[in-house]
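Under our numbering, the first residue of the sequence shown carries the number 256, and numbering increases by one thereafter.
Glycine residues also receive a C-beta, built at the ideal position from the N, C-alpha and C atoms.
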Amino acid sequence: MMIDNIRVIIEQGPFSAEDAQYYIERIKATTKFTLKKITFTRSDTYLDIRYAFAEIPFERIRRVALAAPPKKRAVNN
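1) Given that a residue counts as buried once 16 or more other Cβ atoms are within 10 Å of its Cβ, and exposed if not, what is I264?
2) Pull up the distance between the alpha-carbon of R317 and that of R297, whole angstroms please.
3) Which two residues bound the contiguous alpha helix (DSSP H) that contains K283?
4) Alpha carbon to alpha carbon, what distance is there between Y301 and T289?
5) Would you call Y306 buried or exposed, if buried means 16 or more other Cβ atoms sit within 10 Å of its Cβ?
Right, here's the structure in full:
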């Protein structure tokens, strides 16, 4: 999908376009470079964000901890 002329790829896990827009705005606010591509991969405890700029020929990788870790429970409870 494309958001603000940025190629957005959601590789794994539930992730909405609104969530993607939030992280794109945060990245844009902290850099002067133009985003070209961003990839989101969500696991149970982390959200991996990989993004590439138009002017820089390599990707940056960030790992963001999710708000609350899942509760540990015994099986079949």
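Concretely, from the data shown:
1) exposed
2) 12 Å
3) 272-285
4) 25 Å
5) buried
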